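In structure tokens form, the structure reads like this:
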């Protein structure tokens, strides 16, 4: 189906990346979380500090 090897950038669960690696897929795991861990109030306060 695909002629080139699959390469994946995973932004999320490590388990997903681990499963792909187990299938010999090249994976780059990105350790990302939403700003302020998704806390909207805290994100707004941090945004004000950056201004």
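In my numbering, the protein residues as written are 62 to 112. Cβ coordinates follow ideal geometry from the N, Cα and C atoms, glycine included. The model shown is predicted, which means the values in this text are computed figures rather than measured ones.
Check, Outcome
"Cβ-based neighbour list, residue 72, same chain, cut-off 7 Å, excluding 5 preceding and 5 following", "91, 93"
"C-beta atoms of residue 82 and residue 88 nearer than 7 Å", "yes"
"Residue range of the beta strand (DSSP E) that includes residue 68", "68-72"
"DSSP beta-bridge partners of residue 89", "70"
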